[in-house]
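Below is one structure; the comments refer to it alone.
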Amino acid sequence: MKKLILICFLFTALHAAGQYKTRHFRVNNPVLQTWLKNSGIKSFISFHTSRNNTLYLETDSTPKIYSDRVYGNSYQLDYAGHRYLLQIQFGEFPRETLRLLLDSLIDKNCETTSFKGKIYADHVEVDRTSYCSKLDEDRIFTAIEHDRGFIGGPEALRVYMGNTINHRVFNAAANTDSVFFFSLLIKKDSLVHDITPLGNTDKQLLTALKETFMGIKEWIPFFTGGFYVNSYLQVFIYLPKSGELVVDFRR
607 MKKLILICFL FTALHAAGQY KTRHFRVNNP VLQTWLKNSG IKSFISFHTS RNNTLYLETD
667 STPKIYSDRV YGNSYQLDYA GHRYLLQIQF GEFPRETLRL LLDSLIDKNC ETTSFKGKIY
727 ADHVEVDRTS YCSKLDEDRI FTAIEHDRGF IGGPEALRVY MGNTINHRVF NAAANTDSVF
787 FFSLLIKKDS LVHDITPLGN TDKQLLTALK ETFMGIKEWI PFFTGGFYVN SYLQVFIYLP
847 KSGELVVDFR R
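For the sequence shown, the positions run 607 to 857 when the working numbering is used.
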């Protein structure tokens with residue numbers, strides 16, 4: 607009798623708690639399919655979104671000229687550093703086209719939680735996961751994104767660096783495109799305590815960039831469990847021979 611009561615209670619609880627559902631789509635998108643054909647990728651490229659709607663592409667090839675700490679096995683499309691690596695390998699990816707496609711597939715009746723799929727030469731496959739709540743359901747648990755980086759975001763960091771960096775050093779390097787990846791250790795005092803270059807870096811430029819990073823006091827350390835803790839931040843700097851400074855970071 608007790609077992610029967612327990613089973614009935616579990617069934618009622620599951621029924622009242624709402625449910626996740628996944629729907630599969632197969633669509634044509636000439637822009638994405640043409641990019642795949644011209645990229646040199648033999649079969650397909652995968653994509654997915656994270657909980658905070660960040661969009662990723664996944665491939666099996668890693669740029670040999672950069673450390674795997676820069677790349678890993680996926681490209682974060684909101685990060686200029688990964689977009690740069692993607693472009694030099696496969697050509698500029700039409701990320702806005704993919705974003706618009708996913709936006710068109712958002713569930714209008716339930717909460718869309720994530721997308722994943724594959725881009726082929728002749729079609730695109732998308733799996734959409736949604737959460738459908740009950741009318742009387744209170745969603746108590748909500749994911750909280752803990753920010754870290756720089757006060758004001760990447761654009762504020764770009765302006766700061768553009769105003770403070772040794773311009774003579776940058777002008778000397780302006781004859782060629784200069785690309786830098788750094789790993790910064792940001793401690794809970796909001797200061798950079800260690801800087802590690804990822805990949806080859808001109809020594810003179812490296813010195814100038816290190817001096818700039820160490821003098822910045824607007825870093826945001828990682829906040830978790832009610833405390834600020836030490837954390838790493840990857841910074842991408844691109845100085846084209848014609849154009850202005852590009853700065854971005856990923857958490």
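Every residue, glycine too, gets a C-beta built ideally from N, C-alpha and C.
Residue from the options with nearest C-alpha to residue i
i: S736; options: G723, K724, C716; result: C716
i: N635; options: Q693, T818, E702; result: E702
i: I725; options: F833, K643, S739, K740; result: K643
i: P760; options: V852, K627, T660; result: V852
i: L845; options: L811, V633, I712; result: L811
i: E824; options: K809, F842, G831, G758; result: G758
i: K627; options: T660, S720, R857; result: S720
Sub-8 Å separation of residue i and residue j beta-carbons
i: G755; j: I801; result: no
i: L691; j: F699; result: no
i: F855; j: Q840; result: yes
i: Q625; j: C738; result: yes
i: Y834; j: S789; result: no
i: F786; j: L815; result: yes
i: E664; j: S680; result: yes
i: R629; j: R734; result: yes
Spatial distance of residue i from residue j (CA atoms)
i: L603; j: G687; result: Because the chain spans 607 through 857 in this model, residue 603 falls outside it and cannot be assessed.
i: H799; j: I792; result: 6 Å
i: S656; j: Y662; result: 8 Å
i: L804; j: K714; result: 43 Å
i: M767; j: T718; result: 38 Å
i: V732; j: S652; result: 10 Å
i: K794; j: V637; result: 45 Å
i: V765; j: K722; result: 35 Å
i: L579; j: D728; result: The question about residue 579 has no answer here: the residues shown for the chain are numbered 607 through 857.
i: E817; j: N769; result: 13 Å
i: F631; j: I822; result: 47 Å
Own chain partners of residue i with C-beta closer than 7 Å, once the 5 adjacent residues on each side are dropped
i: I750; result: Residue confidence is low: I750 scores 49 on pLDDT, short of 50, so the model does not pin down where it sits. Its coordinate-derived value is still stated next. Around I750: no qualifying Cβ.
Neighbourhood of residue i by C-beta distance below 6 Å, restricted to the same chain and skipping five residues each side
i: F696; result: S645
- Scan the region 827 to 855 and note each continuous beta strand (DSSP E) run of 3 residues or more that stays entirely inside, going in chain order. 828 to 830, 833 to 835, 837 to 845
- Query: Taking only runs of the alpha helix (DSSP H) that begin and end inside the region 681 to 740, which ones reach a length of at least 4 residues, in chain order?
  - Reply: List check, alpha helix (DSSP H) in window: 686 to 696, 701 to 710.
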